[in-house]
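All remarks here apply to the structure that follows.
Protein chains: 2
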Amino acid sequence: MKTSEYSNEQLDQRMRNAGLRPSSARIHVLRYLEKHRNHPTADRIYKALRPDLPSLSRASVYNSLAALERSGLVRPLTMDGDELRYDAHVEDHGHFCCERCGAIHDFPLAPSDAAALCPDGFLARRRDVLVWGLCPGCAEDGADCAK
Amino acid sequence: MKTSEYSNEQLDQRMRNAGLRPSSARIHVLRYLEKHRNHPTADRIYKALRPDLPSLSRASVYNSLAALERSGLVRPLTMDGDELRYDAHVEDHGHFCCERCGAIHDFPLAPSDAAALCPDGFLARRRDVLVWGLCPGCAEDGADCAK
DNA sequence: TTATAATTTTGTAATCATTATAAATTTATT
DNA sequence: AATAAATTTATAATGATTACAAAATTATAA
């Protein structure tokens, strides 16, 4: 993972390729999502960016996320409906939510599995697999599972 | 589909079996969800029930849904994070959301497919497969797809 | 570079779904 | 029928998101 992946030039170019004007707020939001793969909420991103960008507004974070989503650079994720999270990992993959510790883990989907997940006659553009249960740490009874 | 499926006695019994006190509001909400398989929101249920139950409060619909969910009689579903919907169909199945007409279609999951959707070492209790794209009606270019 | 137009950001107010609360009602138990 | 426990109601509070207009930024063209 080269640092150039997070350079302004690289992010700038990715946005232009996606047909998105590379504004300052959008670059910061996208870089944050590239670095933090823990599916943060808009508010989490806002609070994390705030110290370095005192002039950043909450509305800009929401606007930036909406623009990035429209352009396919990030995707939304919600396991419960009560928290809208974002993910810069846009290829098909699954999400496992541990009902004990609350952590959300990504997991890969075999392309063949993914392709099977579509009813006949329908045209799939994007998919997500959500699984709830216990993560390995929490599955051992009684063990407390940090994170 | 026998009418007895929606009888108060049948719903009453299902709730007792699930360890839930069968109150009037819960029975009405569950019956509505049994009859309407279009994944309604809490507000939609409230508005639909209101004419026949003028004393029903919004809070009771929310409370009833939370109790029914806790007992495993209904499950929540959200495709976008902006609408929390409910479903009385609790077995594993997939949801296809048409990006053109907005309709949400259920589709079956082969048990073997479903079982495969879990990372190693994790213990799955419940899963959902979300797919976005075009439904058959909307897939034919230019055709307008009602509902 | 400067001027102009288009888009984005900011700060604040408004909206809307959901949750909290306490009193009244209903349901279960004795 | 009396008592206790849980649920419902009505309303207020919360909190995330959206709407809005003015200020700032970005792109385009002279």
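Line by line, the protein sequences are chains A and B. What the first sequence shows, in our numbering, is residues 1 to 147, in sequence order. What the second sequence shows, in our numbering, is residues 1001 to 1147, in sequence order. The beta carbon of each residue, even a glycine, is placed where N, CA and C say it ideally should be. Being a predicted model, the structure only gives us computed values, none of them experimental.
**Request:** Would you please verify whether the beta carbon of residue 140(A) is less than 7 Å from any beta carbon of chain B?
**Result:** No, no contact with chain B.
**Item:** Contact the stretch 1091 to 1099 of chain B vs the stretch 1127 to 1138 of chain B: 3+ CB pairs below 8 Å
**Value:** With a cut-off of 8 Å, the stretch 1127 to 1138 of chain B and the stretch 1091 to 1099 of chain B count as touching, because enough Cβ pairs lie within range.
**Asked** For residue 97(A), does the three-state DSSP call read helix, strand or coil?
**Response** Under the three-state reduction of DSSP, residue 97(A) is assigned to strand.
**Request:** Please work out which residues of its chain come closer than 8 Å, Cβ to Cβ, to residue 1118(B), disregarding the five sequence neighbours upstream and downstream, and give them in chain order.
**Result:** 1124 and 1127, listed in sequence order.
**Request:** Could you name the residues of the stretch 1036 to 1055 of chain B whose beta carbon sits closer than 7 Å to any beta carbon of chain A, in the order they occur along the chain?
**Result:** Hits within the stretch: zero.
**Prompt:** So, is the C-beta of residue 1070(B) closer than 7 Å to a C-beta in chain A?
**Reply:** With a threshold of 7 Å between beta carbons, residue 1070(B) makes no contact with chain A.
**Asked** Residues in its own chain within less than 6 Å of residue 15(A) by CB, not counting five upstream and five downstream?
**Response** If we look at residue 15(A) and ignore the five residues flanking it on each side, its Cβ neighbours are 22.
**Request:** Could you name the residues of the stretch 1108 to 1133 of chain B whose beta carbon sits closer than 7 Å to any beta carbon of chain A, in the order they occur along the chain?
**Result:** Contact annotation: in the stretch 1108 to 1133 of chain B, residues whose CB is within less than 7 Å of a CB in chain A are 1113, 1116, 1117, 1118, 1119, 1121, 1122, 1123, 1124, 1125, 1126, 1127, 1128, 1129, 1130, 1131, 1132 and 1133.
**Neighbouring residues, chain A, relative to residue 1099(B) (Cβ below 8 Å)** = Within 8 Å Cβ-Cβ: 125.
**Message:** Cutting at 7 Å between CB atoms, please list the residues of its own chain near residue 83(A), excluding the five before and the five after it.
**Reply:** If we look at residue 83(A) and ignore the five residues flanking it on each side, its Cβ neighbours are 41.
**Request:** Verify the CB distance criterion: does residue 1081(B) have a CB-CB separation below 7 Å to chain A?
**Result:** It does: the Cβ of residue 1081(B) has a partner Cβ on chain A nearer than 7 Å.
**Nearest-angstrom Cα separation, counted from residue 104(A) out to residue 80(A)** = Taking the straight line joining both Cα atoms gives about 12 Å.
**Request:** Below 6 Å CB to CB, which residues in the same chain sit around residue 28(A) once its five sequence neighbours on both sides are set aside?
**Result:** Within the same chain, Cβ atoms closer than 6 Å to the Cβ of residue 28(A) are found at 49, the five residues on either side in sequence being excluded.
**Prompt:** Considering only C-alpha positions, which residue in the set 1116(B), 1054(B), 1019(B) and 1134(B) is nearest to residue 1102(B)?
**Reply:** Answer by Cα proximity: 1134(B).
**Strand pairing of residue 41(A), partner residues [DSSP]** = Among the bridge pairs identified by DSSP, residue 41(A) is matched with 85(A).
**Message:** I want to see whether chain B comes within less than 7 Å of residue 73(A), judged by CB atoms only; does it?
**Reply:** By this cut-off, residue 73(A) is not an interface position.
**Request:** Taking residue 39(A) and residue 6(A) to be in contact with their CB atoms under 8 Å, please state how far apart those CB atoms are, rounded to whole angstroms.
**Result:** Not really, about 18 Å apart at Cβ, beyond 8 Å.
**Asked** If you measure beta-carbon to beta-carbon, which residues of the stretch 1083 to 1094 of chain B are closer than 9 Å to chain A?
**Response** Of all residues in the stretch 1083 to 1094 of chain B, 1083, 1084, 1085 and 1094 have a Cβ within less than 9 Å of some Cβ in chain A.
**Prompt:** If we ignore side chains and look at the alpha-carbon of each, how far apart do residue 1012(B) and residue 1056(B) end up?
**Reply:** Answer to the nearest angstrom: the Cα atoms are 19 Å apart.
**Asked** Where does residue 133(A) fall in DSSP's three states?
**Response** Residue 133(A) falls in the strand class under three-state DSSP.
**Message:** Below 9 Å on C-beta distance, what does residue 1076(B) contact in chain A?
**Reply:** In chain order: 80 and 81.
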